[in-house]
Amino acid sequence: MKALRLFALAAGLTLFLTPALSMAQGDIEAGRAKAYTCLGCHGVDGYRNAYPSFRVPKLGGQHAAYIVSALKAYKAGDREHTTMQALAGTLSEQDMQDIAAYFEAAGRGNQ
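Numbering (the working numbering), first residue to last: 28 to 138.
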């Protein structure tokens with residue numbers, strides 16, 4: 028029974044601390060400046076890509092780890108979108124971390 032309580036406490040702390048840990052690698056203020064280009068598409072309400080036609084996703088509030096993962100996949104050519112591949116190809120690991128931290132914080136009103 029005691030082990031179960033310790034496990035539950037550890038799981039609770041992990042869930043509580045995960046958002047802080049995910050942002051620890053990126054600098055929100057640096058990300059704000061670096062995300063300027065991203066906002067041209069991802070910051071426009073109801074924006075749709077011309078061809079193929081699809082809605083451009085909002086990034087504010089998205090988990091930083093997901094954004095970094097997606098940017099790395101675009102950079103490596105594992106995700107297909109010509110514009111995103113070109114833009115991600117110019118980003119360093121730190122750029123990706125900063126941009127991701129900015130968008131994650133933006134969804135919580137911490138921009």
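All residues carry an ideal CB built from backbone N, CA and C; glycine is no exception.
Kindly indicate which three-state DSSP category residue i falls into: helix, strand or coil?
i, result
"R135", "coil"
"R59", "helix"
"A105", "It is worth fixing the name first, because residue 105 is Asp in this sequence and not Ala. If DSSP states are grouped into helix, strand and coil, D105 belongs with coil."
What does a CB cutoff of less than 6 Å around residue i pick up in its chain, not counting 5 residues either side in sequence?
i, result
"M123", "V95, L98"
"I55", "A128, Y129, A132"
Within a Cβ cutoff of 7 Å, which residues of the same chain sit near residue i, ignoring the five residues on either side of it in sequence?
i, result
"G116", "K102"
"C68", "Y74, V83"
Hey, residue i and residue j: beta-carbon distance below 9 Å or not?
i, j, result
"G53", "A133", "no"
"I126", "G58", "yes"
Out of the options, which has the shortest C-alpha to C-alpha gap to residue i?
i, options, result
"S80", "H108, H90, Y93, A91", "H108"
"L86", "G70, A100, A92", "G70"
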